[in-house]
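Numbers 959 to 1274, taken from the numbering used here, label the letters of the sequence shown in order.
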Amino acid sequence: MTKLISLFIFIATLSADNVRLLNIKSKINCSKATITLGDISLNTDILSDDELDIIIMSAPQKSKTKRVSILTIANLMQPYEELHDINIRGPQYITIIKIADPEQIEKVYKAISQYLAKTAPWDKWTVDALFSTGDKRQISKAGAFHKVKVLSSRGIEKVGNVNLNIAYYDKDGGLMKKESFHPVIVKQVNAVVVRSSLARKHIIIKDDIQIVPSWLGKDGKDIISKIDHVLGRELKRQLSSGAMIKYKDLLNPIIVKRGDLVKVHCRYKKMYVTISAIAMESGRLGQSIKVKNASSKELLNVNITGPKVAKFNAGI
């Protein structure tokens, strides 16, 4: 019983058999300047339309969070006679969080879209701007601005997190504040995706893949747009149907197997000679493997340059 009392408090405004019981929320996200009875109530069905619109208090300014006791809520309801048949129940304290007004977010989004549409290199691309929760919180801190303008961009990044300089203005055109803003800018590109699920170690062929429009920037820049960059490559992991293929998913195929007869191009200063050698281990394009000279039986470390072809540099 003690724990229940410590977590919840019951305020009786009227001693009667026909009282209404109103449950109060523990947390309220508010984008408006004021908070109504409907905003703080869980079971709003017991309230009339007029009661739902009764203003209880002002919202926090900008991006502030504040806690209000349920006793304070009860006191704020006292001036309204139509609420005197209501008992309220809820946590001892209610948390009120100021969030950005959707209209303000839309103003910033439109300003950024207009800037991108007329500024190189974005004006040549199909792009979009994505806002994180942190971005929206930043907008809410700007206050009740009337207009927003993108002044310039900074840095070399053109997709992903882009640094923009923006300014907020009041209804009279007065500057309220300037700040850096970092939305994610995504660019529409063609991406190579798999038609159906492919297993790990699968060697990709043309029928496995297709090109589809995708967005570059949100999930990094590791998007492949050319089919010839994946053909003949081996998958490092299983991919499900429709998955984008990224460079980190690919391995060069094994083109020299242990026991293969390998043609090794040897270079010594300005002299070139080709020998035959036996591969002592398997390898991929660009990898270094050990081979045994078929004639001298000497072991050499060589770099694979093609199917059953390698090079050996000595004395350079």
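Glycine included, C-beta positions come from ideal geometry on N, C-alpha and C.
Return the chain-ordered list of same chain residues with a C-beta closer than 8 Å to the C-beta of Ile1182, the five sequence neighbours on each side being excluded. Taking the sequence shown and counting its residues from 1, one reaches residue 1182 at position 224. Same-chain partners within the cutoff: Ala1149, Val1150, Val1188, Met1202, Ile1203, Lys1204 and Tyr1205.
Determine the DSSP secondary structure at Ile1031, reduced to helix, strand or coil. Within the sequence shown, residue 1031 is the residue found at index 73, counting from 1. Assignment of Ile1031 by DSSP, reduced to helix, strand and coil, places it in the helix class.
What does the alpha-carbon distance come out to for the pair Lys983 and Ile1057? For the purposes of this step, residue 983 is taken as residue 25 along the sequence shown, with counting starting at 1. For the purposes of this step, residue 1057 is taken as residue 99 along the sequence shown, with counting starting at 1. Between Lys983 and Ile1057, the C-alpha separation is close to 17 Å.
According to DSSP, is Val1120 part of a helix, a strand, or is it coil? Residue mapping note: residue 1120 aligns to position 162 of the sequence shown, counting from 1. If DSSP states are grouped into helix, strand and coil, Val1120 belongs with coil.
Going by the DSSP bridge assignment, what does Asn987 pair with across the sheet? Counting from 1 along the sequence shown, the entry for residue 987 is found at position 29. Answer is Ile1055.
Is it the case that the Cβ atoms of Glu1192 and Pro1171 are separated by a distance below 7 Å? Working through the sequence shown from its first residue, we reach residue 1192 at position 234. Working through the sequence shown from its first residue, we reach residue 1171 at position 213. Going by C-beta atoms, Glu1192 is not nearer than 7 Å to Pro1171.
In this structure, does DSSP put Ser1246 in helix, strand or coil? Taking the sequence shown and counting its residues from 1, the one referred to as residue 1246 is at position 288. Ser1246 falls in the strand class under three-state DSSP.
Residues near Lys990 in its chain [Cβ-Cβ closer than 7 Å; skip 5 each side]: Sequence index remark: in the sequence shown, residue 990 carries index 32 (1-based). Taken in chain order, the residues that qualify are Ala1017.
Just verifying my parser: in three-state terms, what is the DSSP assignment at Ser964? What you label residue 964 is simply residue 6 of the sequence shown in a count that begins at 1. The predicted position of Ser964 is uncertain, since its pLDDT is 32 and thus under 50; a value taken from the coordinates is nonetheless stated next. DSSP places Ser964 in helix when its eight states are reduced to three.
Considering Glu1137, what are the terminal residues of the beta strand (DSSP E) in which it resides? Locating residue 1137 in the sequence shown gives position 179, counting from the first residue. That run of the beta strand (DSSP E) goes Leu1133 to Phe1139.
Whole angstroms is fine: what's the gap from Asp1003's alpha carbon to Asn1045's? In the sequence shown, the residue the question calls residue 1003 occupies position 45. In the sequence shown, the residue the question calls residue 1045 occupies position 87. Answer to the nearest angstrom: the Cα atoms are 15 Å apart.
Quick one: is Lys1129 buried, meaning 16 or more other Cβ sit within 10 Å of its Cβ, or exposed? As a first step, residue 1129 is located in the sequence shown; it is residue number 171 there, counting from the start. So Lys1129 counts as exposed.
Kindly identify the DSSP beta-bridge partner or partners of Ala1268. Counting from one through the sequence shown, the residue named residue 1268 turns up at place 310. According to DSSP, Ala1268 bridges with Val1222 and Ile1262.
With Ser1071 as the anchor, note down where its alpha helix (DSSP H) starts and where it stops. Your numbering for residue 1071 matches position 113 in the sequence shown. From DSSP, the alpha helix (DSSP H) with Ser1071 extends over Pro1060 to Ala1075.
Taking one C-beta from the stretch 1059-1067 and one from the stretch 1090-1105 each time, how about it: are there three or more such pairs within less than 8 Å? Yes: at least three Cβ pairs fall under 8 Å.
What did DSSP end up calling Asp1128 once you bin it into helix, strand or coil? As a first step, residue 1128 is located in the sequence shown; it is residue number 170 there, counting from the start. Correct three-state label for Asp1128: coil.
Would you say Leu1197 touches the ligand SAH, meaning its beta carbon is less than 6 Å from a heavy atom? Ligands displayed in this structure: none; no statement on the ligand SAH is therefore possible.
Compute the distance between the beta-carbons of Leu1243 and Val1249, then report whether it is under 7 Å. In the sequence shown, residue 1243 corresponds to position 285, counting from 1. In the sequence shown, residue 1249 corresponds to position 291, counting from 1. No, these two residues do not count as a Cβ contact at 7 Å.
Count the other CB atoms, across all protein chains shown, that sit within 10 Å of the CB of Tyr1126; report buried if there are 16 or more and exposed otherwise. The sequence position of residue 1126 within the sequence shown is 168, counting from 1. It counts as buried.
Beta-carbon gap between Gly1048 and Ile1028 smaller than 7 Å: On the sequence shown, residue 1048 is found 90 positions in, with the first residue counted as 1. On the sequence shown, residue 1028 is found 70 positions in, with the first residue counted as 1. Yes, the Cβ-Cβ distance between Gly1048 and Ile1028 is below 7 Å.
Excluding sequence positions up to five away, which residues of its chain have a Cβ less than 8 Å from the Cβ of Leu1156? Working through the sequence shown from its first residue, we reach residue 1156 at position 198. Closer than 8 Å at the Cβ level, and outside the excluded window around Leu1156, lie Ile1162, Asp1166, Leu1193, Gln1196 and Leu1197.
Around the C-beta of Gly1175, are 16 or more other C-beta atoms found within 10 angstroms, so that it is buried, or is it exposed? As a working mapping, residue 1175 is identified with position 217 in the sequence shown. Buried: at least 16 other Cβ atoms inside 10 Å.
Is it the case that the Cβ atoms of Asn1251 and Ala1235 are separated by a distance below 7 Å? Residue 1251 sits at position 293 when you count from the first residue of the sequence shown. Residue 1235 sits at position 277 when you count from the first residue of the sequence shown. For Asn1251 and Ala1235, yes; Cβs fall inside 7 Å.
Hey, Ile1213 and Pro1265 are a contact pair by Cβ (cut 8 Å); roughly how many whole angstroms apart? Here residue 1213 is taken as the residue at index 255 of the sequence shown, counted from 1. Here residue 1265 is taken as the residue at index 307 of the sequence shown, counted from 1. Between Pro1265 and Ile1213 the Cβ distance is about 4 Å, and since that is below 8 Å, they are a contact.
Own chain partners of Arg1298 with C-beta closer than 6 Å, once the 5 adjacent residues on each side are dropped: Residue 1298 falls outside the range modelled here, since the chain spans only 959 to 1274, and no answer is possible.
Could you work out which residue in Lys1082, Glu1009, Leu1010 and Gln1050 is closest to Val1026 when comparing CA atoms only? Taking the sequence shown and counting its residues from 1, one reaches residue 1026 at position 68. Cα-wise, what sits closest to Val1026 is Gln1050.
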